[in-house]
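Participant: Keeping their order, the protein sequence lines are chains A and B. Mapping the first sequence onto the numbering used here, position 36 (from 1) lands on 51, and the numbers just tick up by one. Mapping the second sequence onto the numbering used here, position 72 (from 1) lands on 87, and the numbers just tick up by one. Every residue, glycine too, gets a C-beta built ideally from N, C-alpha and C.
There are 2 protein chains.
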Amino acid sequence: MELAFAKLDGLIPAVIQDHTSCEVLMLGFLNAEALERTQRTGEVHFYSRTRKRLWKKGESSGHVLRVRQLLFDCDADALLIRVDAVGPGVCHEGYRSCFFRELEPGGTSRIIAERTFSVEDVYGKKEAQ
Amino acid sequence: MELAFAKLDGLIPAVIQDHTSCEVLMLGFLNAEALERTQRTGEVHFYSRTRKRLWKKGESSGHVLRVRQLLFDCDADALLIRVDAVGPGVCHEGYRSCFFRELEPGGTSRIIAERTFSVEDVYGKKEAQ
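Quick look at the structure:
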């Protein structure tokens with residue numbers, strides 16, 4: 016099975032979904048190496064477009080994502096990774112899901128979730144990962 | 016609220032999730048115009064990277080996606096659109112979700128879902144949308 020990495024400069028978007036609650040936790044990008052490491056280790060690795068490097072989700076926080084099921088879509092250009100999310104949340108802003116804000120008509124936004132952990136306690140002054 | 020369209024050549028990836036079942040149905044890309052139309056009409060519009068044009072999901076099949084909630088992530092570079100999905104499925108290959116195949120170790124794949132509609136009946140010989 017060949018995934019369409021070429022469609023997006025070597026990257027493929029991946030939806031991260033909690034296997035139990037079905038909540039969508041985050042979206043990240045994988046390159047071929049990140050996919051290989053994810054499959055080999057059973058923990059989700061991404062390629063950071065901002066930092067231009069491979070990283071394991073949770074390498075700082077301990078909030079790793081353990082793969083339960085790895086799906087791909089009809090065009091083989093997107094992944095859906097169903098995971099057990101270790102810890103109280105995946106978002107570096109202290110929420111369970113990175114999708115904690117609603118976009119309202121007119122372009123305003125509002126927060127729809129409660130923080131589940133203290134960012135300072137988990138990340139300190141380190142770069143949030 | 017400014018979304019980070021610039022990060023990906025004017026596009027932003029959007030996860031489409033069924034509002035009731037919480038199933039992840041597909042992933043598509045929106046540009047600013049697609050987002051404006053999605054918000055104005057209440058039905059999801061995408062920008063097709065392959066066809067290089069705006070399109071409304073369901074414009075051929077009738078399987079439109081009615082917006083229930085529009086969320087964005089911590090970096091404002093991804094959307095999560097929770098929808099009511101009209102019809103038996105969103106995938107142009109006849110499945111409820113585009114994520115109907117599992118990627119197995121070794122690179123093989125297997126289909127994990129049942130078809131929910133006939134592709135020929137819905138799309139005929141038209142371009143699948």
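Apply the 10 Å Cβ neighbour rule to A:Gly-43 and answer buried if 16 or more other Cβ atoms are within range, or exposed otherwise.
Facilitator: Residue mapping note: residue 43 of chain A aligns to position 28 of the first sequence, counting from 1. Under this definition A:Gly-43 is a buried residue.
Participant: When you compare the CB positions of A:Met-41 and A:Val-134, do they come within less than 8 angstroms of one another, or not?
Facilitator: Counted from its first residue, the first sequence places residue 41 of chain A at position 26. Counted from its first residue, the first sequence places residue 134 of chain A at position 119. No, Cβ-Cβ distance for A:Met-41 and A:Val-134 is not below 8 angstroms.
Participant: Kindly indicate which three-state DSSP category B:Val-79 falls into: helix, strand or coil?
Facilitator: Against the second sequence, residue 79 of chain B aligns to sequence position 64. Looking at B:Val-79 - three-state DSSP - the assignment turns out to be coil, as it is neither helix nor strand.
Participant: Kindly list the residues whose CB is nearer than 8 angstroms to the CB of A:His-34, restricted to its own chain and excluding five residues on each side of it in sequence; keep chain order.
Facilitator: On the first sequence, residue 34 of chain A is found 19 positions in, with the first residue counted as 1. Excluding sequence neighbours, A:His-34 sits near Arg-83, Gln-84, Arg-97, Val-98 and Asp-99.
Participant: What residues in its chain sit with their C-beta under 7 angstroms from that of A:Val-59, if we drop five residues either side in the sequence?
Facilitator: What you label residue 59 of chain A is simply residue 44 of the first sequence in a count that begins at 1. Cβ neighbours of A:Val-59 beyond the five flanking positions: Ile-31, Thr-53, Lys-72, Leu-80, Val-82, Ile-96 and Val-98.
Participant: Would B:Ala-159 and B:Pro-28 qualify as a contact pair, given that the criterion is a beta-carbon distance under 8 angstroms?
Facilitator: With chain B running from 16 to 144 in the structure shown, residue 159 of chain B is simply not present.
Participant: Below 7 angstroms between beta carbons is the criterion; list the residues of the region 91-110 of chain B that meet it against any residue of chain A, in chain order.
Facilitator: Cβ contacts with chain A: Ala-93, Leu-95, Cys-106, His-107 and Glu-108.
Participant: Can you tell me which of B:Arg-111, B:Leu-50 and B:Glu-108 puts its alpha carbon nearest to the alpha carbon of B:Leu-86?
Facilitator: Within the second sequence, the letter at position 71 stands for residue 86 of chain B. Residue B:Leu-50 is the option with its Cα nearest to B:Leu-86.
Participant: Using DSSP's beta-bridge definition, name the partner residues of A:Lys-71.
Facilitator: Position 56 of the first sequence, counting from 1, holds the residue named residue 71 of chain A. Per DSSP, A:His-60.
Participant: For a cutoff of 8 angstroms on Cβ pairs, would you count B:Ser-133 as touching chain A?
Facilitator: Sequence index remark: in the second sequence, residue 133 of chain B carries index 118 (1-based). Judged by the 8 angstroms Cβ criterion, B:Ser-133 is not in contact with chain A.
Participant: Under 6 angstroms Cβ to Cβ from B:Gly-109, same chain only, skipping five residues before and after it: list those, please.
Facilitator: As a working note, residue 109 of chain B is residue 94 in the second sequence. Arg-130, Phe-132 and Val-134, listed in sequence order.
Participant: Using 8 angstroms as the threshold, is the C-beta distance between B:Glu-37 and A:Asp-88 below it?
Facilitator: For the purposes of this step, residue 37 of chain B is taken as residue 22 along the second sequence, with counting starting at 1. For the purposes of this step, residue 88 of chain A is taken as residue 73 along the first sequence, with counting starting at 1. The identity of residue 37 of chain B in the sequence shown is Cys, whereas the question assumes Glu. Going by C-beta atoms, B:Cys-37 is not nearer than 8 angstroms to A:Asp-88.
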